[in-house]
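Protein chains in written order, with the working numbering: chain A, 773 to 1284; chain B, 15 to 518; chain C, 2 to 100. For each residue, glycine too, the CB sits at the ideal point set by N, CA and C. As the structure is a computational prediction, the values presented were derived from the model and not from experiment.
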Amino acid sequence: MSASTTRTAAELAEALATGETTSVEVTQAYLDRIDAVDGAVHAFLQVDAEAALVAASASDERRTAGKPVSPLDGVPVAVKDVLTTRGLITTCGSRILEGWVPPYDATVVARLRAAGLPILGKTNMDEFAMGSSTEHSAYGPTHNPWDLDRIPGGSGGGSAAAVAAAEAPLAIGTDTGGSIRQPGAVTGTVGMKPTYGGVSRYGLVAMANSLDQAGPVTRSVLDAALLHEVIGGHDPLDSTSIDQPLPALVDAARRGASGDLSGVRIGVITELGGEGYQAGVQQRFEESVQLLISAGAEVVEVSCPSFVHALAAYYLIMPSEASSNLARFDAMRYGLRVLPEGVPAPSAEEVMRATRDAGFGDEVKRRIILGTYALSSGYYDAYYGQAQKVRTLISRDFAAAFERADVLVSPTAPTTAFRIGEKLDDPLAMYLNDIATIPANLAGVPGISVPAGLAPEDDLPVGFQVLAPAMADDRCYRVGAALETLLQKQWGGPLVAPDLLEGLAQASEVTR
Amino acid sequence: MTTTTEPLLSFEEALERFDPAFGLEVHVELNTATKMFCGCPTQFGAEPNTQVCPTCLGLPGSMPVVNAKAVESAIRIGLALNARIADWCRFARKNYFYPDMPKNFQTSQYDEPICFDGWMDVEIDGPDGPETVRVEIERAHMEEDTGKSLHVGGATGRIHGADHSLVDYNRAGIPLIEIVTRPVIGTREKAPLVARAYVAQLREVLLGLGVSDVRMEQGSLRCDVNLSLAARDSGALGTRTETKNVNSLRSVERAVRYEISRQAALLVDGGSVLQETRHWHEDTGVTTSGREKSDADDYRYFPEPDLVPVAPSRAWVEELRASLPEPPRQKRARLQQDWGFTDLEMRDVVAAGAIPLIEETVAAGTTPQAARKWWLSDLARRANDAGVELDAMGVTPQQVAEVQGLVDVGSLNDKLARQVFDGLVAGEGTPQEIVAARGLAIVSDDGALSAAVDKAIAANPDVAEKIRDGKVAAAGALIGAVMKEMRGQADAGRVRELILEKLA
Amino acid sequence: MPDITRDEVRHLADLARIDLSDAELDHLAPQLSVILESIASISEVAADDIPPTSHPLPLTNVFREDVVRPGLTPEQALAAAPEVEQQRFSVPRILGDEQ
Chain A
773 MSASTTRTAA ELAEALATGE TTSVEVTQAY LDRIDAVDGA VHAFLQVDAE
823 AALVAASASD ERRTAGKPVS PLDGVPVAVK DVLTTRGLIT TCGSRILEGW
873 VPPYDATVVA RLRAAGLPIL GKTNMDEFAM GSSTEHSAYG PTHNPWDLDR
923 IPGGSGGGSA AAVAAAEAPL AIGTDTGGSI RQPGAVTGTV GMKPTYGGVS
973 RYGLVAMANS LDQAGPVTRS VLDAALLHEV IGGHDPLDST SIDQPLPALV
1023 DAARRGASGD LSGVRIGVIT ELGGEGYQAG VQQRFEESVQ LLISAGAEVV
1073 EVSCPSFVHA LAAYYLIMPS EASSNLARFD AMRYGLRVLP EGVPAPSAEE
1123 VMRATRDAGF GDEVKRRIIL GTYALSSGYY DAYYGQAQKV RTLISRDFAA
1173 AFERADVLVS PTAPTTAFRI GEKLDDPLAM YLNDIATIPA NLAGVPGISV
1223 PAGLAPEDDL PVGFQVLAPA MADDRCYRVG AALETLLQKQ WGGPLVAPDL
1273 LEGLAQASEV TR
Chain B
15 MTTTTEPLLS FEEALERFDP AFGLEVHVEL NTATKMFCGC PTQFGAEPNT
65 QVCPTCLGLP GSMPVVNAKA VESAIRIGLA LNARIADWCR FARKNYFYPD
115 MPKNFQTSQY DEPICFDGWM DVEIDGPDGP ETVRVEIERA HMEEDTGKSL
165 HVGGATGRIH GADHSLVDYN RAGIPLIEIV TRPVIGTREK APLVARAYVA
215 QLREVLLGLG VSDVRMEQGS LRCDVNLSLA ARDSGALGTR TETKNVNSLR
265 SVERAVRYEI SRQAALLVDG GSVLQETRHW HEDTGVTTSG REKSDADDYR
315 YFPEPDLVPV APSRAWVEEL RASLPEPPRQ KRARLQQDWG FTDLEMRDVV
365 AAGAIPLIEE TVAAGTTPQA ARKWWLSDLA RRANDAGVEL DAMGVTPQQV
415 AEVQGLVDVG SLNDKLARQV FDGLVAGEGT PQEIVAARGL AIVSDDGALS
465 AAVDKAIAAN PDVAEKIRDG KVAAAGALIG AVMKEMRGQA DAGRVRELIL
515 EKLA
Chain C
2 MPDITRDEVR HLADLARIDL SDAELDHLAP QLSVILESIA SISEVAADDI
52 PPTSHPLPLT NVFREDVVRP GLTPEQALAA APEVEQQRFS VPRILGDEQ
């Protein structure tokens, strides 16, 4: 009996089902793996070994009784620190929430628990999910398992790195402008942003409410579909939740894995490629498109002219909503309280100012100021109002494109992982990382990033993005799984971070 | 303490030179079982922070879900105020920082209120009889209430000078409807009366709808008074002040009067009125300067992204319209006729806010005149002495009906009934319990009465002689003597019978 | 689009209740100008007749029945409070008026 940490969640579920291993064994193996490598990767902000093992043990008891509660019962999961976990510290990567223990579970977390998935811990992230590199975490950056000097993407770099470094078979991310997909791309993992409203946002600490969506971060497309089916579906606690059943996601992933895409129309988005995209990224993208054609897909080029304005619209809508969402962090009811220096008997207002200055990092302050500006009287129509109109134009572009194609594809991110520190003080350069992922958030459509190989020039992972119409998340899984199957056939196996293989072998030795 | 040295011009002189315009913003707390956006209860007076959840505490990650009953109440209020109901409207965030507001934004409505363009005809007493003034209602929108702060360490428990504050979020998130009038112009010296009558009548409408407890003393109806002056007959609107927390009918009238006098004094002195928020001080009857309106009032409204639009269907609105209660004015006319009250009687009933009380008392089996008698004489006097509203006395219409029932069957007389009300106000239990505990029942036992009658006859031989001679009317004097002997607890009718029997 | 000045940033920080230091203002103002410049194009993109999109999905009328749901105990509510007194959240003295 072994509990390898390199298996997919589907494989682990199978091993649990056949009695080859137990949830306690699997969970312990991941906890050991975290012990072994997280000092170098820093994917986790909190590890909750005790609770994970209690949940694993309960899962094993259900299994013994012949009553597993879901296909993933007993498979451990890591949760981005932006989702509330009852009794487990939730900081959103911010100093202002240091040590905060929520009294309630996010719906996604409640569903993970109800489906029997032991929660390993909370993963690192850019503060309040604001960033594309996880460097904006108040608790230090996460390192990319492919090259520890490089960023793992963001804001969900912790979740992606945890899966890439085999510290967790599954993780939950959240995606406001690409925070699931872009980290997936640069760490060689799968990341899926569901249709807006497809997964409950209750308990997801909001950055931009009209854009945020939680979703799976996994090692395979099938795993993502399995996890998506656990966390997705209507939630009466989220007014923006879609009151319809999810499409059959796991079925779609299994169907796609056959590698046959006959009759599927694929649209390559003109505006998301070419200039500004790294040569190796573009190359792997084009090769992947050729593979899809070879699988029977019909490929057309589609133009979405408004997408060039997506970044601008995003950087008005997101900070506007964020500036309001983050107002509640004011030192009155929870979180940090900082008294201003040299002020005798400070007022509530002075304490708020001092706390928010000390508790928020630079990027958060930039976005709060930007959002405050965009919403202030005299500017609202020119900025926020216009951005919402651009949003309409982007949705119209999507609608037109989806008349010609069943799915749309592009590189997930314009470059591979850059070096830690490289773009830290150049916000604009940092924002450009999300140029290909943002349109989906503005329109609310689903998108998946699937590993497309390594860029020849730097041997770092490249992501391939598949976008589908709202509520047609199954198409992302079908096409993503097909591409995954075809590529892995070429590679002779999944993409695994090479520099951690040695550590991996050691870790599995320990568990034997 | 609040002191003021602001100069005032007499009300009469102020009106010789200026035309006042006033507007009212009334916040009504709905009496829904749960809050606007979460399932927390809304009980008044609960222990602090016992009616809270992640949503109304504004915890990170929490989300609002709209209370259907609150939307229904908002629409019914709009319909009762002759307003139009939006086909489609949204909630918006009003962003400002304040410790009693958990999210540091209030979920409200901005440029898309659920009700707009309404009116209410307000009746006041003019020199030549009742007059009607139409008050136009600009909008009524839905929003959430804030928490409540207790200020500690200051001399007076007021916010200024306090050392720190203690916040209870039980009230945070209770549904509010804010009803905003357009400026009411042309009412001149009647402005204070019209303002008061508007609030009184609005209260009546809301009570009739059953959507709110409308208890001003508990804050479930709160009033802000906007007032401005313009040069007489100029037709213009001057700079307005907004006086907050004017929380009784009498204060509404006084605040309007006060601001007219205060602003007039400023203007005649060549000064100008500052656009600002002012505070009303119930104790001294003055307003004091609060916060100056400025650029800092940038609430950065934007549509609430956690909520979806409210789009009441025509069918729903019409269904609610069909179920509206009779409008108060029509109802008053009908009740006056049913009850047979004179205009004067009815006016007193209305002024005392006693219509629903009398209605319920009559429904419980009392004659209209008896009901009116109790509520408007005895109970109204007590309420006035105690400084509370008539319906906040702790005496219910059912109890009044029960007491009158005891009078009707001869167990009590009016004098004893008043003592029962003493007991009710003191919270001594039900009327029956009070009668028993205080020993108030009328004595109709012939043994005890007969002895008292004999004693009275013996003590008043001349009166007895008159009765024997057939002057039956003289029996009153003997009855009085018996009643005195029995400390008022004798059945007067039976005493009379006994006297006449014995002296036949 | 106008450059965002240091004073403007100070005013915005004031609205947002952040006590920015002089050094932070020096650092932030030029960065914000660059960001604003890059998004300036947006004001000319959409024609007047384009409706704004505030919700990605066209949902309406999502309501909840008026039924009490269990909430938090006062202990849970106050557990994370920096200071508690009389079962209430203790906050420093409040300067401004209610709105």
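If we count the other Cβ atoms within 10 Å of its Cβ and call it buried at 16 or more, is Ser1030(A) buried or exposed?
-> Start at 1 with the first residue of the first sequence, and residue 1030(A) comes out as number 258. Only exposed fits Ser1030(A), as fewer than 16 other CB atoms lie within 10 angstroms of its CB.
Which one of Val477(B), Gly484(B), Ala470(B) has the shortest CA to CA distance from Glu499(B)?
-> Reading the second sequence from its first residue, position 485 is the one you call residue 499(B). Cα-wise, what sits closest to Glu499(B) is Ala470(B).
Run of the alpha helix (DSSP H) containing Asn896(A), from where it starts to where it stops = For the purposes of this step, residue 896(A) is taken as the residue at position 124 of the first sequence. Careful: Asn896(A) lies outside any alpha helix (DSSP H) and carries neither H nor E.
How far does the alpha helix (DSSP H) with Met134(B) in it reach, from first residue to last?
-> Indexing the second sequence from 1 puts residue 134(B) at position 120. Where Met134(B) is concerned, there is no enclosing alpha helix (DSSP H), although the beta strand (DSSP E) it sits in stretches over 129-140.
The alpha helix (DSSP H) spanning Thr1257(A) covers which residue range?
-> As a working note, residue 1257(A) is residue 485 in the first sequence. Thr1257(A) -> alpha helix (DSSP H) spans 1245-1263.
Examine chain B for any beta-carbon lying closer than 8 Å to the beta-carbon of Thr54(C), and answer yes or no.
-> Within the third sequence, numbered from 1, the residue matching residue 54(C) stands at position 53. In terms of beta-carbon proximity, Thr54(C) stays away from the interface with chain B, with every pair separated by 8 Å or more.
Taking buried to mean at least 16 other C-beta atoms within 10 Å of its own C-beta, is Gln5(B) buried or exposed?
-> Since the first residue of chain B shown is 15 and the last is 518, residue 5(B) is not available in this structure.
Which residues mark the beginning and the end of the alpha helix (DSSP H) in which Phe105(B) is found?
-> The residue given as residue 105(B) occupies position 91 in the second sequence. First-last for Phe105(B): undefined, no H or E at that position.
Buried versus exposed, by CB contacts within 10 Å (16 or more), Leu243(B) = Taking the second sequence and counting its residues from 1, one reaches residue 243(B) at position 229. So Leu243(B) counts as buried.
Name the residue from Pro1112(A), Gly1045(A), Val813(A), Tyr802(A) whose alpha carbon lies nearest to the alpha carbon of Thr1127(A).
-> The residue you call residue 1127(A) lines up with position 355 of the first sequence. If we check each option's Cα against that of Thr1127(A), Pro1112(A) comes out closest.
Rounded separation between Leu1018(A) and Glu1001(A) - CA only | Along the first sequence, read from residue 1 onward, the residue named residue 1018(A) stands at position 246. Along the first sequence, read from residue 1 onward, the residue named residue 1001(A) stands at position 229. Here the C-alpha atom of Leu1018(A) lies approximately 8 Å from the C-alpha atom of Glu1001(A).
Show which residues of chain B have a CB atom less than 8 Å away from the CB atom of Arg89(C).
-> By one-based count along the third sequence, residue 89(C) stands at place 88. Within 8 Å Cβ-Cβ: Pro62, Asn63, Leu164, Leu180, Val181, Asp182.
With DSSP as the reference, please indicate the residues paired to Leu235(B) in a beta bridge.
-> For the purposes of this step, residue 235(B) is taken as the residue at position 221 of the second sequence. Val42(B), per the DSSP bridge assignment.
Let me know the secondary structure DSSP gives Gly749(A) once reduced to three states.
-> Since the displayed chain A opens at 773 and closes at 1284, residue 749(A) lies outside it and no answer follows.
Is the stretch 118-138 of chain B in contact with the stretch 220-227 of chain B, if contact means three or more CB pairs nearer than 8 Å?
-> As far as the Cβ criterion goes, the stretch 118-138 of chain B does not touch the stretch 220-227 of chain B, which means the pair count is below three.
Contact between the stretch 184-201 of chain B and the stretch 51-58 of chain B (3+ Cβ pairs under 8 Å) = Per the Cβ contact rule, the stretch 184-201 of chain B is in contact with the stretch 51-58 of chain B (3 or more Cβ pairs under 8 Å).
By Cβ distance, which residues of its chain are closer than 6 Å to Ala1130(A), with the 5 residues on each side in sequence left out?
-> For the purposes of this step, residue 1130(A) is taken as the residue at position 358 of the first sequence. Excluding five sequence positions before and after Ala1130(A), the CB atoms of its chain that fall closer than 6 Å to its own CB belong to Val1110, given in chain order.
Identify every run of the beta strand (DSSP E) within the stretch 809-848 of chain A, keeping only runs that are complete inside it and at least 3 residues long; order them along the chain.
-> DSSP runs (the beta strand (DSSP E)) wholly in the stretch 809-848 of chain A: 816-819.
Val402(B) by DSSP, collapsed to three states: which one?
-> Your numbering for residue 402(B) matches position 388 in the second sequence. The answer is coil: DSSP assigns Val402(B) none of H, G, I, E or B.
Where DSSP assigns a beta bridge to Arg292(B), which residues make up the other side?
-> Residue numbering aside, residue 292(B) sits at position 278 when the second sequence is read from its first letter. Looking at the DSSP output, Arg292(B) sits in a beta bridge with Thr257(B), Ser303(B).
Among residues of its own chain, excluding the 5 on either side of Pro913(A), which ones have a beta-carbon nearer than 6 Å to its beta-carbon?
-> If you number the first sequence from 1, residue 913(A) lands on position 141. Around Pro913(A): Thr906, Glu907, Ile1192.
Ala113(B) versus chain C: which residues are under 9 Å apart at the beta carbon?
-> Locating residue 113(B) in the second sequence gives position 99, counting from the first residue. Here the sequence assigns Pro to residue 113(B), which means Ala is not the residue at that position. Below the 9 Å Cβ cutoff, chain C contributes Phe90, Val92, Pro93, Ile95 as neighbours of Pro113(B), in chain order.
As assigned by DSSP and simplified to three states, the class of Met407(B) = Along the second sequence, one-based indexing puts residue 407(B) at 393. Coil, per DSSP.
DSSP three-state assignment for Gln1158(A), whether helix, strand or coil | For the purposes of this step, residue 1158(A) is taken as residue 386 along the first sequence, with counting starting at 1. The DSSP-derived three-state label of Gln1158(A) is helix.
Assuming Glu152(B) and Pro189(B) make a contact with CB atoms under 8 Å, what is their CB distance in whole Å?
-> What you label residue 152(B) is simply residue 138 of the second sequence in a count that begins at 1. What you label residue 189(B) is simply residue 175 of the second sequence in a count that begins at 1. Cβ-Cβ separation between Glu152(B) and Pro189(B): approximately 20 Å, too far for a contact (criterion under 8 Å).
Kindly indicate if chain C contains any beta-carbon less than 8 Å away from that of Ala1103(A).
-> As a working mapping, residue 1103(A) is identified with position 331 in the first sequence. Against chain C, the CB of Ala1103(A) has a partner CB under 8 Å away; the residue lies at that interface.
Phe1170(A) in three-state terms, based on DSSP | Taking the first residue of the first sequence as position 1, residue 1170(A) is located at position 398. Phe1170(A): helix per DSSP, three-state reduction.
How big is the Cα-Cα spacing for Arg335(B) and Cys129(B)?
-> Stepping through the second sequence from its first residue, residue 335(B) is reached at position 321. Stepping through the second sequence from its first residue, residue 129(B) is reached at position 115. Approximately 13 Å, taken between the alpha carbons.
Look up Pro197(B) in the DSSP assignment and say whether it is helix, strand or coil.
-> On the second sequence, residue 197(B) is found 183 positions in, with the first residue counted as 1. Here Pro197(B) carries a coil assignment [DSSP, helix/strand/coil].
Check distances from the C-beta atoms of the stretch 1172-1199 of chain A to those of chain C and list, in chain order, the residues that come in under 7 Å.
-> Those residues of the stretch 1172-1199 of chain A that come within reach of chain C (Cβ to Cβ, closer than 7 Å) are Pro1199.
Can we count Val1181(A) as close to the ligand PLP, meaning its CB is less than 7 Å from some heavy atom?
-> What this structure holds is no ligand at all, so the ligand PLP is not there to describe.
What separation, rounded to the nearest whole angstrom, lies between the Cα atoms of Phe111(B) and Lys1195(A)?
-> Stepping through the second sequence from its first residue, residue 111(B) is reached at position 97. Stepping through the first sequence from its first residue, residue 1195(A) is reached at position 423. Cα-Cα distance, rounded: 34 Å.
Measure the CB-CB distance between Gly1285(A) and Gly945(A) and report whether it falls below 8 Å.
-> Residue 1285(A) lies beyond the residue range present for chain A, which begins at 773 and ends at 1284; the question has no answer from this structure.
Proximal residues of chain C, C-beta to C-beta of Asn81(B) below 9 Å = In the second sequence, counting from the first residue as 1, residue 81(B) sits at position 67. Around Asn81(B), the beta-carbon contacts reaching into chain C at under 9 Å are Phe64, Arg65, Glu66, Asp67.
Inter-residue spacing [alpha-carbon to alpha-carbon] between Leu1276(A) and Asp1197(A) = On the first sequence, position 504 is the one that residue 1276(A) refers to. On the first sequence, position 425 is the one that residue 1197(A) refers to. Bear in mind that a pLDDT of 48 at Leu1276(A), under 50, signals an unreliable position, so the number given afterwards is only what the model happens to contain. Near 35 Å, if we compare the C-alpha coordinates of Asp1197(A) and Leu1276(A).
Residue nearest to Asp995(A) in terms of C-alpha spacing, selected from Ile1220(A), Phe1101(A), Leu1259(A) | Within the first sequence, residue 995(A) is the residue found at index 223, counting from 1. Minimum Cα-Cα distance from Asp995(A) among the listed residues Ile1220(A), Phe1101(A), Leu1259(A) corresponds to Ile1220(A).
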